[in-house]
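A.B. asks:
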């Protein structure tokens, strides 16, 4: 029976408990009368009977469901393989030697409607905790200031930088031979980094972009020879790494943003929503904004993925269209050799399709709650870190009617091994029933179930603690400081071989057997060249020497 039918049956049972007849309750909640009567009489459903045949008891499965939810909230949602390994470990700790079947995970998902397979999206661990209710409150309190509230939509802007590789196409569905599972596509695979500074307004306009190449100077051969170029009003520059810096950020403000956003009424103020990059927080940058009547609202750290209009409504579509046009450019020439002219051609095509269409820009401002300013919409972002509480717990699906417990008569101890799980308790229960049928009464069975449940809960907690301890042990081992020692190469060889590394490691282990002497860096340097291998650039470092 499905979850909806079980919920209707639960409501019908409550109606009967409150005095309504079984006939009326079954008709009101659309539940078969026979089924309702059997539930009231305490007869178990098929799902409840099947629980006895499950390799993992229901209590442990409920623990696994909660573990999945908690791991997802922490940003470590488990794949099928890790979840299966954790469940197997939990089963072993429960005293069972059975192995989980190939389809166990699939059947687990069928039994737990609150869990399903999702597509994971990788995100910087700092961003995962960046969009919170507290940071949202700070951001929208700034937007609620009287000076900011009266700024028109045409004077509200959002600027940001994104990077793309010069020669990267996209994976896509293609046609090929039917007997193959996939087919390889040729790609230029040029990995020169190029970044783009974009700026959009709340009324759907986009400023000309600033293209930042990696290099020393802009080269003429990067541009096509044709005069009909769609990026005639674009801006171009270079930096050592292809990203913006303090100097480029200030030049962009003076030469791109201020001239292209000048309001018709010189008394109107403008609003610029940007991240807290160091190129935006210099005294010169903020002073230039002030004297040109530009208010700055900085997005909270690591929250641009949730509340920045460019990230939410524009960049993903723009990058997807760029990759499409870039591959079309390669196909059109039947060549994999690409250069910056191909990059500019594909970017211009994508820019025309996305940045010249106001609906993408307006949807970005609307989805983030930036315009019209809507705090509630921002709090509903899918990237918001939700507060952990009862609302995030898996819904209970069991509709077993609690039985009125009786007192269980004392019984003598029988020579069984100490039970480790509910499975062992069921074995003891069956053995006791053979000795005395009184142990088959409902009260006795209830007691056995509770004892088994308590053991399963203890095993669940034990497994969780073991798993956490294993993670902490690995993290501690990773953080343990390593001794520094140069690997000397063989004079007859050009490269370091593994045997050279092993010799150095063996030497370190041998030195570790002697008494240790702890000295400061300066004392170590006074020992002469003999101790130079322990030198470190850290002035606060303490050097450990062994003699």
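In the UniProt record's numbering, the protein residues as written are 1 to 547. From the three backbone atoms N, C-alpha and C, an ideal C-beta is built for every residue, glycine too.
Note the first and the last residue of the continuous beta strand (DSSP E) segment covering residue 381.
C.D. replies: Neither: residue 381 is in no beta strand (DSSP E) and is coded neither H nor E.
A.B. asks: Are residue 252 and residue 197 closer than 8 Å when you measure CB to CB?
C.D. replies: Yes, the Cβ-Cβ distance between residue 252 and residue 197 is below 8 Å.
A.B. asks: Please determine if the stretch 263-272 and the stretch 152-160 are in contact, where contact requires at least 3 C-beta pairs separated by less than 8 Å.
C.D. replies: Contact between the stretch 263-272 and the stretch 152-160 is present, because at least three Cβ pairs lie under 8 Å.
A.B. asks: Sort 417, 330, 21 and 57 by Cα distance to residue 454 and report the nearest one.
C.D. replies: Ranking 417, 330, 21 and 57 by Cα distance to residue 454 puts 57 first.
A.B. asks: Per DSSP, what kind of secondary structure is residue 144 in: helix, strand or coil?
C.D. replies: Here residue 144 sits in coil by DSSP.
A.B. asks: Whole angstroms is fine: what's the gap from residue 431's alpha carbon to residue 382's?
C.D. replies: Rounded to the nearest angstrom, the two C-alpha atoms are 53 Å apart.
A.B. asks: Per DSSP, residue 158 forms a beta bridge with which residues?
C.D. replies: Bridge partners of residue 158: 200 and 273.
A.B. asks: Please state the DSSP three-state secondary structure of residue 151.
C.D. replies: Residue 151 falls in the coil class under three-state DSSP.
A.B. asks: Which of the three DSSP states is assigned to residue 210 in this structure?
C.D. replies: Residue 210 falls in the strand class under three-state DSSP.
A.B. asks: Please state the DSSP three-state secondary structure of residue 17.
C.D. replies: It is helical.
A.B. asks: Could you say which of 238, 282 and 296 lies nearest to residue 273 if we only look at CA atoms?
C.D. replies: Of the listed residues, the one whose Cα sits closest to residue 273 is 296.
A.B. asks: Terminal residues of the continuous alpha helix (DSSP H) containing residue 235?
C.D. replies: Careful: residue 235 lies outside any alpha helix (DSSP H), inside the beta strand (DSSP E) at 235-239.
A.B. asks: Taking just the CA atoms, how far does residue 429 sit from residue 450?
C.D. replies: The straight-line gap from Cα to Cα measures roughly 12 Å.
A.B. asks: Given this structure, state the Cα-to-Cα distance separating residue 240 from residue 103, to the nearest angstrom.
C.D. replies: Straight-line Cα distance between these residues: approximately 53 Å.
A.B. asks: Can you name the residues that DSSP bridges to residue 194?
C.D. replies: In the DSSP output, where bridge partners are listed per residue, residue 194 has 164.
A.B. asks: Would you identify the three-state DSSP class for residue 355, choosing helix, strand or coil?
C.D. replies: Residue state, collapsed to three classes: coil.
A.B. asks: List the DSSP bridge partners of residue 295.
C.D. replies: Beta-bridge pairing links residue 295 to 271.
A.B. asks: When DSSP builds the beta bridges, which residues end up paired with residue 370?
C.D. replies: DSSP lists 373 as partners of residue 370.
A.B. asks: Near residue 214, what residues of its chain come up, given a Cβ to Cβ distance below 8 Å and the 5 sequence neighbours on each side ignored?
C.D. replies: The answer, listed in chain order, is 192, 193, 194, 238, 239, 240, 241 and 242.
A.B. asks: Compare the C-beta of residue 116 against all C-beta atoms of chain D and say whether one is closer than 8 Å.
C.D. replies: You won't find chain D in this structure, because it holds only one protein chain.
A.B. asks: For the stretch 415-424 against the stretch 38-53, are there 3 or more C-beta pairs whose distance is under 8 Å?
C.D. replies: Not touching, per the Cβ criterion.
A.B. asks: Helix, strand or coil for residue 257 per DSSP?
C.D. replies: In this structure, residue 257 counts as helix in the three-state DSSP scheme.
A.B. asks: Going straight from the alpha carbon of residue 456 to that of residue 38, what length do you get?
C.D. replies: Near 29 Å, if we compare the C-alpha coordinates of residue 38 and residue 456.
A.B. asks: I need the straight-line Cα distance from residue 7 to residue 143, nearest angstrom please.
C.D. replies: Approximately 45 Å, taken between the alpha carbons.
A.B. asks: Does the separation of the CB atoms of residue 341 and residue 222 fall below 8 Å?
C.D. replies: Yes, they are a contact pair.
A.B. asks: On the three-state DSSP scale, how would you describe residue 360?
C.D. replies: The answer is helix: DSSP assigns residue 360 an H, G or I state.
A.B. asks: Given this structure, state the Cα-to-Cα distance separating residue 112 from residue 80, to the nearest angstrom.
C.D. replies: Between residue 112 and residue 80, the C-alpha separation is close to 15 Å.
A.B. asks: For residue 252, which three-state DSSP category applies?
C.D. replies: It is helical.
A.B. asks: If you drop the 5 nearest sequence neighbours on each side, which residues of the same chain put their C-beta closer than 7 Å to that of residue 300?
C.D. replies: 130, 135, 138 and 139.
A.B. asks: Alpha carbons only, please: which of 369, 439 and 289 is nearest the one belonging to residue 310?
C.D. replies: Selected option, being the one with the closest Cα: 369.
A.B. asks: Just how far apart, CA to CA, sit residue 4 and residue 70?
C.D. replies: Approximately 25 Å between the Cα atoms of the pair.
A.B. asks: For residue 318 versus residue 354, is the C-beta spacing smaller than 8 Å?
C.D. replies: Their beta carbons are under 8 Å apart, which means residue 318 touches residue 354 by this criterion.
A.B. asks: For residue 120, collect the residues of the same chain with a Cβ closer than 7 Å to its Cβ; drop the 5 residues on either side in sequence, then sort them by chain order.
C.D. replies: Closer than 7 Å at the Cβ level, and outside the excluded window around residue 120, lie 77.
A.B. asks: Tell me which same chain residues have a C-beta within less than 7 Å of the C-beta of residue 526, skipping the five on either side of it?
C.D. replies: With a pLDDT of 43 at residue 526, under the threshold of 50, the modelled position of this residue cannot be trusted; read the value that follows with caution. Excluding residues within five positions, none has a Cβ falling inside 7 Å.
A.B. asks: Quick one: is residue 9 buried, meaning 16 or more other Cβ sit within 10 Å of its Cβ, or exposed?
C.D. replies: Residue 9 comes out buried.
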